[in-house]
Amino acid sequence: MKYDFDEMIIKNAISTIQTPEYDIISEVEKEIQKKKSPWHFKRAVPAALVICLCLMLSIGAMAATIPSFNNLLSMVSPDIALLLQPIEIACEDNGIKMEVVGAMNDDEMAVIYITMKDLVGDRIDETLDIYDYRLTGTYISTCQMVHYDETTKTATLRMQANGGKKLNGKKVSFQVESFLSDQLTFDKVETSINLSDVKEVKDSQTIPLVTSSNISGGGGGDLFDELQSQGIIRVLTPDQKKITLPKIDFMYISNIGFIDGRLHIQTKWVGDGIDDHGDLHFVDTAGNSIYMDSANIYFGIDKSGNAKWGRDYVEYIFDVSNINLDEFKLMGNFVSHGNYVTGNWKTTFNIQSVGEELQADCNIKSDTLNINNVKVSPLGVTLAGSGEINESVTIPISIKMTDGSIQEFESGMRYSDSGEVKLKYVSSLPLDTSKVESVVVNGTSINFN
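Residues 1 to 449 in this note's numbering are what the sequence shown spells out, letter by letter.
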């Protein structure tokens, strides 16, 4: 049955009511489809149907008067609104109210919309960053701000969780344990370091990080894998300098020098902020940022001066072999937060997809991966198979609709689940699965009957 917008809201709300031995939704659909009877026509109405109609009317009134869900519908596109299931479950802790307003999902992925409001102060603002959170049954999550209402001091956020298994119809719990707010941003900070004065350091002025001992607290960048493969990464001896930066009181440059021809800049993070972070980069005389191969490595130091696991120090490493440092300035961008708030905000609710899924078996080989199943839901495309995921290899995906239009997907999220490899390609807008003709995976077309 095809629903209009109001009918979809009613259907979603009714689906949350448990009525054994009676199919409310079917009866409501019958009533929607029936023509109106003449006023003078009288007939007996079964008691069960009277109950159903009363429920329908009360739920319709409820949907019309639920401020949070209606407010959410005004923030999202009409296509997304039709997939959203109203949840409206709230909890309070530490003077903060969290409410799960709505959700949509398929078997591997769930998207929930939540609101956060400070009932006693001003700890919620437009820079709110949910720090520690989880949705049961999933293990890859992202959370982003959708809207901040300055008048009511209410933040609306979209949380996307992937890596689930058979989520549809499940009871799940969403929990937040901490968040950050009052973000302080410092862009284009000048270090005032004369790069031509930086010298090569001796081995005695460095300390080793043994990568096999898990000493490093992590890292990243183009050069990180190369450095890690060496087994030992030599970093600068800590705390040989203290170069402070304007308006920055949560970090300083603790050493600088060349090791094996690469520029090492060591920073020490001394603030109380749990998520203080930043980056260093080079700009030319025109103020343009210049890209070069680089890496950053996190580590700590024990009382004996030896490297240990930690994140007190970040050493930035740059390959500057192809540039003249006299022509560049060293700049930085940094972020800190004034508030780090902890608590226990937890809600439990059922998630139920309102869209149909398509599924087909296949046998497609792509590099080191064998794909044996393809699913299409209103949220996107899921590939399942076996083998190893090669991060450097892109598997092209496209969907052909019955009207001949093509939708392409550039990248997907990759993860392993109980030995099975999955790739999730999320659509920017909900897919009408009834109009999907085929999916093309790595040049192979898969048709759906």
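Ideal Cβ placement from N, Cα and C applies to all residues, glycine included.
Computed from a predicted model, the values in this text were never measured in an experiment.
Inset, instruction - Consult DSSP for residue 86 and reduce its assignment to one of helix, strand or coil. - result: Taking the sequence shown and counting its residues from 1, one reaches residue 86 at position 86. Strand at residue 86.
Legend entry - Whole runs of the beta strand (DSSP E) within the stretch 300 to 356, excluding any shorter than 3 residues: 307 to 318, 329 to 350
Legend entry - Close beta carbons around residue 393, own chain, < 6 Å, minus the five adjacent residues each side: Within the sequence shown, the letter at position 393 stands for residue 393. The residues are 367.
Legend entry - Simplified DSSP assignment, three categories, for residue 277: As a first step, residue 277 is located in the sequence shown; it is residue number 277 there, counting from the start. Residue 277 falls in the strand class under three-state DSSP.
Legend entry - Where residue 106 falls: helix, strand or coil (DSSP): Working through the sequence shown from its first residue, we reach residue 106 at position 106. Residue state, collapsed to three classes: coil.
Inset, instruction - Could you tell me whether the stretch 315 to 334 touches the stretch 275 to 289, using the rule of 3 or more Cβ pairs below 8 Å? - result: yes
Legend entry - residue 224: first and last residue of the uninterrupted alpha helix (DSSP H) it sits in: As a first step, residue 224 must be located in the sequence shown, where it is residue number 224. Residues 224 to 229.
Legend entry - the stretch 254 to 266 touching the stretch 192 to 204, judged by at least three CB pairs closer than 8 Å: yes
Legend entry - Pick from 439, 71, 142 that is closest to residue 99, judged by C-alpha positions: Along the sequence shown, one-based indexing puts residue 99 at 99. The shortest C-alpha separation from residue 99 is found at 71.
Inset, instruction - Rounded to whole angstroms, what's the CA-CA distance from residue 116 to residue 67? Just pull it up for me. - result: Within the sequence shown, residue 116 is the residue found at index 116, counting from 1. Within the sequence shown, residue 67 is the residue found at index 67, counting from 1. Using only the alpha carbons, I get a separation of about 14 Å.
Inset, instruction - Could you tell me the boundaries of the alpha helix (DSSP H) in which residue 69 lies? - result: Within the sequence shown, residue 69 is the residue found at index 69, counting from 1. Run containing residue 69: 67 to 73, per the alpha helix (DSSP H) assignment.
Legend entry - Per-residue burial, residue 286 [other beta carbons within 10 Å of its own, 16 or more giving buried]: On the sequence shown, residue 286 is found 286 positions in, with the first residue counted as 1. The residue in question, residue 286, is exposed, as its Cβ has fewer than 16 Cβ neighbours within 10 Å.
Legend entry - Cβ-Cβ distance between residue 383 and residue 376 below 8 Å: Locating residue 383 in the sequence shown gives position 383, where the first residue counts as 1. Locating residue 376 in the sequence shown gives position 376, where the first residue counts as 1. In this structure, residue 376 does not lie closer than 8 Å to residue 383 by Cβ.
Legend entry - Where the beta strand (DSSP E) through residue 252 begins and ends: Stepping through the sequence shown from its first residue, residue 252 is reached at position 252. Run containing residue 252: 248 to 259, per the beta strand (DSSP E) assignment.
Legend entry - Burial state of residue 76, where buried means 16 or more other Cβ atoms lie within 10 Å: In the sequence shown, residue 76 corresponds to position 76, counting from 1. Buried, because 16 or more other Cβ atoms sit within 10 Å of the Cβ of residue 76.
Inset, instruction - State the Cα-Cα distance for the pair residue 396 and residue 409, rounded to the nearest angstrom. - result: Taking the sequence shown and counting its residues from 1, one reaches residue 396 at position 396. Taking the sequence shown and counting its residues from 1, one reaches residue 409 at position 409. Taking the straight line from one Cα to the other gives about 7 Å.
Legend entry - Per-residue DSSP class, three states only, for residue 124: Position 124 of the sequence shown, counting from 1, holds the residue named residue 124. Looking at residue 124 - three-state DSSP - the assignment turns out to be coil, as it is neither helix nor strand.
Inset, instruction - Per DSSP, which residues does residue 409 bridge with? Please list them. - result: Position 409 of the sequence shown, counting from 1, holds the residue named residue 409. Answer is 397, bridged to residue 409.
Inset, instruction - Along the beta strand (DSSP E) that carries residue 171, what are the first and last residues, could you check? - result: Numbered from its first residue, the sequence shown carries residue 171 at position 171. Run containing residue 171: 171 to 190, per the beta strand (DSSP E) assignment.
Legend entry - residue 148 to residue 111 span [Cα, whole Å]: As a first step, residue 148 is located in the sequence shown; it is residue number 148 there, counting from the start. As a first step, residue 111 is located in the sequence shown; it is residue number 111 there, counting from the start. Residue 148 and residue 111: Cα-Cα distance of roughly 19 Å.
Inset, instruction - Taking the CB atoms as reference points, tell me whether residue 178 and residue 132 lie closer together than 8 Å. - result: Mapped onto the sequence shown, residue 178 falls at position 178. Mapped onto the sequence shown, residue 132 falls at position 132. Yes.
Inset, instruction - Return the residue from the list 329, 90, 221, 372 that minimises the CA-CA distance to residue 386. - result: For the purposes of this step, residue 386 is taken as residue 386 along the sequence shown, with counting starting at 1. Taking only the C-alpha atoms, the option nearest residue 386 is 372.
Legend entry - Cβ pair count under 8 Å reaching 3, the stretch 245 to 255 against the stretch 302 to 312: no
Inset, instruction - Say whether the stretch 346 to 360 touches the stretch 100 to 110, bearing in mind that this needs 3 or more beta-carbon pairs closer than 8 Å, one atom from each stretch. - result: yes
Legend entry - Span of the beta strand (DSSP E) around residue 148: As a first step, residue 148 is located in the sequence shown; it is residue number 148 there, counting from the start. 140 to 149 is the span of the beta strand (DSSP E), which, as asked, contains residue 148.
Legend entry - Closest residue to residue 109 among 135, 238, 196, 437 (Cα-Cα distance): Locating residue 109 in the sequence shown gives position 109, where the first residue counts as 1. Per the Cα distances, 135.
Legend entry - residue 123 versus residue 207 - alpha carbon distance: Reading the sequence shown from its first residue, position 123 is the one you call residue 123. Reading the sequence shown from its first residue, position 207 is the one you call residue 207. When rounded, the distance between both Cα atoms is 42 Å.
Inset, instruction - Mind checking which residues open and close the beta strand (DSSP E) that includes residue 219? - result: Walking along the sequence shown from the start, residue 219 turns up at place 219. 218 to 220 is the span of the beta strand (DSSP E), which, as asked, contains residue 219.
Inset, instruction - Whole angstroms is fine: what's the gap from residue 441's alpha carbon to residue 288's? - result: Here the question's residue 441 lines up with position 441 in the sequence shown. Here the question's residue 288 lines up with position 288 in the sequence shown. If I take the Cα positions, the gap works out to 40 Å.
Inset, instruction - Identify whether residue 33 lies in helix, strand or coil by the three-state DSSP scheme. - result: One-based indexing of the sequence shown puts residue 33 at position 33. Because the pLDDT at residue 33 is just 45, under 50, the model does not fix this residue reliably, and the value given afterwards should be weighed accordingly. Residue 33: helix per DSSP, three-state reduction.
Inset, instruction - With DSSP collapsed to three states, give me the class of residue 424. - result: Counting from 1 along the sequence shown, the entry for residue 424 is found at position 424. Three-state DSSP puts residue 424 in a strand.
Inset, instruction - Just confirm the distance between the C-beta atoms of residue 155 and residue 128, as a whole number of angstroms; I'd bet it's less than 8 Å. - result: Along the sequence shown, one-based indexing puts residue 155 at 155. Along the sequence shown, one-based indexing puts residue 128 at 128. Between residue 128 and residue 155 the Cβ distance is about 5 Å, and since that is below 8 Å, they are a contact.
Inset, instruction - Could you round the C-beta distance between residue 323 and residue 264 to whole angstroms and report it? I think they count as a contact, below 8 Å. - result: Looking up residue 323 in the sequence shown gives position 323. Looking up residue 264 in the sequence shown gives position 264. About 16 Å separates the two Cβ atoms, so there is no contact after all.
Legend entry - Whether residue 436 touches residue 358 by CB criterion (8 Å): For this step, residue 436 is matched to residue 436 along the sequence shown. For this step, residue 358 is matched to residue 358 along the sequence shown. Yes; because the gap between Cβ atoms is below 8 Å, this pair is in contact.
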